[in-house]
């Protein structure tokens, strides 16, 4: 089983360089570069192991980023760096007030995670349930962008109440794994010409 994350779709080579500093690239880099396998308490190797290299994002415009279910599970269990919340906010185009309920947190907690933590050797990590939600939201945003072929189209769709989600927005529905599965099904139906 693979968790597919699309970087971009059909990006011209000249646009690839512009994506290098994008919030999306920053988010993917945070999700992939902090997690060499080896377990808690073990020193990080100087070079990343093959399992991590295999999960690295393709350069923008070259297709999908794929995590195996094993790697996605590892990332969720060990925690996503809190600094991933800023690029997540940017790619979803939501403020702190909107982000908090999507992550199952109150606004004060989100605010604490968004405050830069300087002087620490290790990044501040989100708890496993929040890390899983970050991965889920990033995956759905990528799938929506692939489906609608633009970031603006994806963000608009994700933030618009949908009748097949009982009037919730896809982002609101994605606050649970079952709701996220329903959002995936709708996006797949749209991609393949189904009614959604």
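Residue numbers (UniProt numbering): 1 to 196.
Note that CB positions come from ideal geometry on N, CA and C, so glycine has one too.
request  = Name the two residues that bound the continuous alpha helix (DSSP H) containing residue 183.
outcome  = From DSSP, the alpha helix (DSSP H) with residue 183 extends over 177 to 191.
task = Under the assumption that residue 134 contacts residue 125 (Cβ atoms under 8 Å), give the Cβ distance between them as a whole number of angstroms.
result = With a Cβ gap of about 11 Å, residue 134 and residue 125 do not count as contacting.
inquiry  = Taking a contact to mean a Cβ-Cβ separation below 7 Å, would you say residue 87 touches residue 26 in this structure?
reply    = The answer is yes: Cβ separation under 7 Å.
key: C-alpha gap between residue 154 and residue 77, whole angstroms   = Roughly 28 Å between the two C-alpha positions.
Residue 95, enclosing alpha helix (DSSP H) - first and last residue = First-last for residue 95: undefined, no H or E at that position.
query = Going by the CB atoms, is the gap between residue 91 and residue 23 shorter than 7 Å?
reply = In contact: residue 23 and residue 91 (Cβ atoms closer than 7 Å).
query = Using DSSP with H/G/I as helix, E/B as strand and the rest coil, what is residue 81?
reply = Strand at residue 81.
message = In the DSSP output, what is residue 22 paired with across the bridge?
response = In DSSP, residue 22 forms no bridge with anything.
query = Is it right to say residue 112 is buried, meaning 16 or more other beta carbons lie within 10 angstroms of its own, or is it exposed?
reply = With fewer than 16 other CB atoms across the displayed protein chains lying within 10 angstroms of its CB, residue 112 is exposed.
inquiry  = What would DSSP say about residue 125, mapped onto helix, strand or coil?
reply    = Residue state, collapsed to three classes: strand.
ask   = Among 82, 69, 191, which one has its Cα closest to the Cα of residue 122?
value = When each option's Cα is compared against that of residue 122, the closest is 82.
request  = In the DSSP assignment, find the unbroken alpha helix (DSSP H) run with residue 152 in it and report its ends.
outcome  = Looking at the DSSP string, the run of the alpha helix (DSSP H) that includes residue 152 is 151 to 158.
ask   = Whose C-beta lies closer than 6 Å to the C-beta of residue 147 among residues of the same chain, with five residues either side of it excluded?
value = Contacts found: 187, 190, 191.
key: Span separating the alpha-carbon of residue 104 from that of residue 164   = Going from the Cα of residue 104 to the Cα of residue 164 covers about 22 Å.
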